[in-house]
Amino acid sequence: APESLMQALEDLDYLAALDDDGNLSEVGIIMSEFPLDPQLAKALIASCEFDCVEEMVSLAAMLTASPCFVPPSTHLEEAVALRRRALLHPNGDHFTLINIFNAFQQREHGQDAGDEGWCRKHGLGVEGLRLAGTVRTELLEVMRRIELPVSPPAFGSDANTLNIQRALISGYFLKVAHDIDGSGNYVMLTHKHVAHLAPACGYLLRPPPRRLPPWVLYHEFTISQDNCLRVVSEIQPQMLVELAPQYYLSNLPPSEGRDLLMEL
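Heads up: the sequence shown is residues 1 to 264, going by full-length UniProt numbering.
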């Protein structure tokens, strides 16, 4: 539809992928080298600046491969949920995906090579995780071919966590929502629609008392199925103004969220 095409061009413009004539910019040309959606490609390129390439390339692979979570048998649901909880990362679903990928890779290349039993116990699909490994290798090959720097792994440090958040916001600043009433009703800033966290979201799988993050960045939203935000991680709102001022201070439609950001 014409509206979808115009929206796609507008999004590319916000991502600095187009020049003033509507052609691909230098950043856009680099983004086009990756077999990824534009927002994920931009986040991966930003990870070079923020020294978190190792982690972002794993995350990009996990988001691109088939979903790693497999519904367990009904009688095993509780046991699987308990084991999966051990893999949850306190900073959100994006970090949990990196956790899962790293844990699987350690098994895949260690003494437990091809440990399908481990995947089954945690409600994870071994094929999806192996595919993520293949995708990751391909992405690193692209980065080396176009001579982008690959920083060493640093997952787990506070600085690395902050840098991953910065890289994600650089690509996904159009996919941000804030909880308007503290009860999980998230308003998406770009079009003011109210959505909720998906049942599989890590913030909902934690033991009580649960704390829902006030501001989140999300990977995708599905209104047709269940009106849920999927793959969600907490962010600090001031980072939006810091990393995407051209959008948040000039182009964001008037809303309560915009007013809150203007006060920062």
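The beta carbon of each residue, even a glycine, is placed where N, CA and C say it ideally should be. Note that this is a predicted model, so its numbers are computed, not measured.
Taking every protein chain shown into account, the CB of PRO72 has 16 or more other CB atoms within 10 angstroms, so this residue is buried.
DSSP places CYS228 in the uninterrupted beta strand (DSSP E) bounded by 228-234.
Bridge partners of TRP215 according to DSSP: HIS178. Two segments are said to touch when three or more pairs of C-beta atoms, one from each, lie closer than 8 Å; by this definition the stretch 6-25 does not touch the stretch 133-142. When secondary structure is reduced to three states using DSSP, VAL194 falls in the strand class.
Between PRO149 and ALA41, the alpha-carbon positions lie close to 15 Å from each other. Comparing alpha carbon positions, the residue from ILE164, ASN102, GLY123 and CYS52 closest to LEU76 is GLY123. The continuous beta strand (DSSP E) containing VAL187 extends over residues 186-188. Counting along the chain, no alpha helix (DSSP H) covers THR74, and no H or E run does either. Listed in chain order, the non-local C-beta contacts of ASN160 below 7 Å within the same chain comprise CYS52, GLU55 and ALA154, local neighbours out to five positions each way being set aside. Rounded to the nearest angstrom, the Cβ distance from ARG166 to ALA61 is 20 Å, too far for a contact under 8 Å.
Along the length of the stretch 104-149, whole alpha helix (DSSP H) runs at least 4 residues long occupy 116-121 and 126-145, reported in chain order.
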